[in-house]
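Notes to accompany the following structure.
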Amino acid sequence: MTQRKELQISELRQITGWLETAGIGFIEIGGNGTLVRLTLEGDGAANLPPASPALSGRETHVIATSPGVLLTCHPMRSTPIVEPGAAVREGDVLGLLRIAQLCLPVIAPSDGVIVKWLVEPGTTVGYGTALMTLAPAGNL
Amino acid sequence: MIEVLSNAALATIQDRGRQGYLRYGVGTSGAMDRVALAIGNLMLGNPDDAAGIEIPLFPFRVRFTQDAAFALTGADCSARLGERPVLPWWTLQAKKDDVLTIGVPASGARCYLLLKGGVDVPVVLGSRSTQLRGEFGGFLGRQLKKGDVVHAAAVESVHSETNDAAGFGVTPPSWTLGELDTSPVTDSADTVVRVLPAAEYESYEQDSIEAFWRESWKVTPQSDRYGYRLGGPVLISKHPVEMRSHGIVPGVIQVPPSGQPIIQLRDAQPSGGYPKIGTVIEADLWRLAQARIGSKLRFVQAGYEEAVDALDELDRYMTKLRNLVGLHRGTRP
Chain A
1 MTQRKELQIS ELRQITGWLE TAGIGFIEIG GNGTLVRLTL EGDGAANLPP
51 ASPALSGRET HVIATSPGVL LTCHPMRSTP IVEPGAAVRE GDVLGLLRIA
101 QLCLPVIAPS DGVIVKWLVE PGTTVGYGTA LMTLAPAGNL
Chain B
1001 MIEVLSNAAL ATIQDRGRQG YLRYGVGTSG AMDRVALAIG NLMLGNPDDA
1051 AGIEIPLFPF RVRFTQDAAF ALTGADCSAR LGERPVLPWW TLQAKKDDVL
1101 TIGVPASGAR CYLLLKGGVD VPVVLGSRST QLRGEFGGFL GRQLKKGDVV
1151 HAAAVESVHS ETNDAAGFGV TPPSWTLGEL DTSPVTDSAD TVVRVLPAAE
1201 YESYEQDSIE AFWRESWKVT PQSDRYGYRL GGPVLISKHP VEMRSHGIVP
1251 GVIQVPPSGQ PIIQLRDAQP SGGYPKIGTV IEADLWRLAQ ARIGSKLRFV
1301 QAGYEEAVDA LDELDRYMTK LRNLVGLHRG TRP
């Protein structure tokens, strides 16, 4: 995992064990220019959401790029960051994935109109979870 | 680096304060909300002693004269970078010519704008904080004004950092440390702080002491970085208390002859002669810093042990945050 320390096979077994328990399909461990991807065959992998553009019509899914607790409102506010029906631009912050005190943004992958959240606020989601449906701009 | 576009007065360069000079009559200065300042520095990977800009009047606008990472902490000011909203307690990369607008806060009183590398002003008596009374430190010893160009210290670009265009944030400290509760009748909009009884506490009438803990105290318009003048029941001493000037620190609650208390804060003189009924504990000064003029304060009695525990709790919270942010930024904390 670090440059100096080599990953032991026993650690890989431990990690796959954790993935299985958590129902996570795969994990990617990256360093300086290296990337290790560990994919779990079977049930864990079957739970994976479809890849981003695989929806009927031209709607897209916004996919979690990190695990975390989905927040649709900032913890300091009571109004949502964005509302269904709103037009958003590529790169806009739509929601937050909270890991302890850290808040990572859920980002619009393209311009579009928000259809709906697919996950209740407060739900803990894994990497790759489909969070929101986005329609092409001006086409709701 | 950034050019101040607004006329909003009272914005000053502050760091965590000027320690060790009270004996020479030099106050601590420093950020009113040191937790917000520290977290902003953490998010940017700045040194702990880096200085930022404390903004108490809004709207406040700056233009970036080059690409730079910044963080906003403290009050929720519905900020915008160009057209895009910037969430509170957030760090982001700005591009040359981007205009950052920090609006009127929905909650809280002071916003902190931190720059990657920290604001580059000379260190005077161990600190970059603005000493307004002495007119030294900070930006030429004064408040910022329109047209000022504030530079950040040069930093080597670190390749391992996350290069997320949308940045990242943290939850505000109250989310972890909680709002303090006094009683079921406490208005949730009130700012509750813990107070240690101070040297002249016993000199007050029992009715006054009871009122001190029971009643809410209005933050009057005569409240600033020097101190908060409070409005509420008149506090009456059993007999006139006359004292020579003695040392005081931020958080001390003095009672002048009017019977209306004053909480001395970051820019207070380091000595005073009014009797002291209590002291807001150090771990709660950040809560005080975010109490707006016109809002109400409530005091809840604390003991010495509790005050020390509260500081430890704050410390643990900051350590945890440092680790989390360090992991996210891809740097070893």
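As you go down the protein sequences, you meet chains A and B in turn. Position one of the first sequence corresponds to residue 1 (my numbering), numbered consecutively onward. Position one of the second sequence corresponds to residue 1001 (my numbering), numbered consecutively onward. Every residue, glycine too, gets a C-beta built ideally from N, C-alpha and C. Nothing here was measured: the structure is a model prediction, and the numbers come from that model.
When 9 Å is used as the limit between beta carbons, proline 105 (chain A) is near these residues of chain B: Leu1087, Trp1090, Asp1164, Ala1166, Gly1167, Phe1168 and Gly1169, in chain order. For a cut-off of 8 Å, the C-beta gap from alanine 137 (chain A) to alanine 87 (chain A) is around 6 Å, short enough to register as a contact.
Residues of chain A whose Cβ lies closer than 8 Å to the Cβ of valine 1325 (chain B) are, in chain order, Leu102. Where isoleucine 1293 (chain B) is concerned, there is no enclosing alpha helix (DSSP H), because DSSP gives it neither an H nor an E. For the C-beta of glycine 91 (chain A), the chain B residues within less than 7 Å are, from N- to C-terminus, Ala1165 and Ala1166. For valine 88 (chain A), the beta-bridge partners assigned by DSSP are A:Gly112.
Contact holds between the stretch 63-71 of chain A and the stretch 97-115 of chain A, because three or more Cβ pairs, one in each stretch, are under 8 Å apart. The Cβ of aspartate 1076 (chain B) sits closer than 7 Å to at least one Cβ of chain A. Cβ contact annotation for glutamate 1306 (chain B) (same chain, cutoff 6 Å, sequence separation greater than five): none.
The C-beta of proline 80 (chain A) comes no closer than 7 Å to any C-beta of chain B. Closest option to serine 1127 (chain B), judged by alpha-carbon separation, among B:Asn1041, B:Glu1083, B:Gln1014 and B:Pro1088: B:Gln1014. For serine 1078 (chain B) and leucine 1087 (chain B), the gap between their C-alpha atoms comes out near 7 Å. Identification of residues in the stretch 1255-1280 of chain B having a C-beta nearer than 7 Å to some C-beta of chain A yields an empty set.
The C-beta of methionine 132 (chain A) comes no closer than 7 Å to any C-beta of chain B. With fewer than 16 other CB atoms across the displayed protein chains lying within 10 angstroms of its CB, threonine 79 (chain A) is exposed. Secondary structure at glutamate 1205 (chain B): coil, using DSSP grouped into helix, strand and coil. If you ignore the 5 residues before and after arginine 1287 (chain B), its C-beta comes within less than 7 Å of the C-beta of Thr1191 and Val1193, all in its own chain and listed in chain order.
Histidine 1328 (chain B) belongs to the set of residues whose beta carbon lies under 7 Å from a beta carbon in chain A. Judged by DSSP secondary structure, glutamate 1135 (chain B) falls outside any beta strand (DSSP E); it is assigned neither H nor E. Counting only runs that start and end inside the stretch 1187-1254 of chain B, the beta strand (DSSP E) elements of at least 3 residues fall at 1191-1197, 1217-1223, 1227-1231 and 1252-1254.
Within the stretch 63-87 of chain A, those residues whose Cβ lies closer than 8 Å to any Cβ of chain B are, in chain order, His74, Pro75, Met76, Arg77 and Ile81. Judged by their CB atoms, glycine 1040 (chain B) and leucine 1092 (chain B) are not nearer to each other than the 7 Å cut-off. Sixteen is the threshold: since fewer than 16 other Cβ atoms of the shown chains lie within 10 Å of the Cβ of methionine 1243 (chain B), the residue is exposed.
Think of a sphere of 7 Å around the beta carbon of leucine 1321 (chain B): the chain A residues whose beta carbon falls inside it are Gln101, in chain order.
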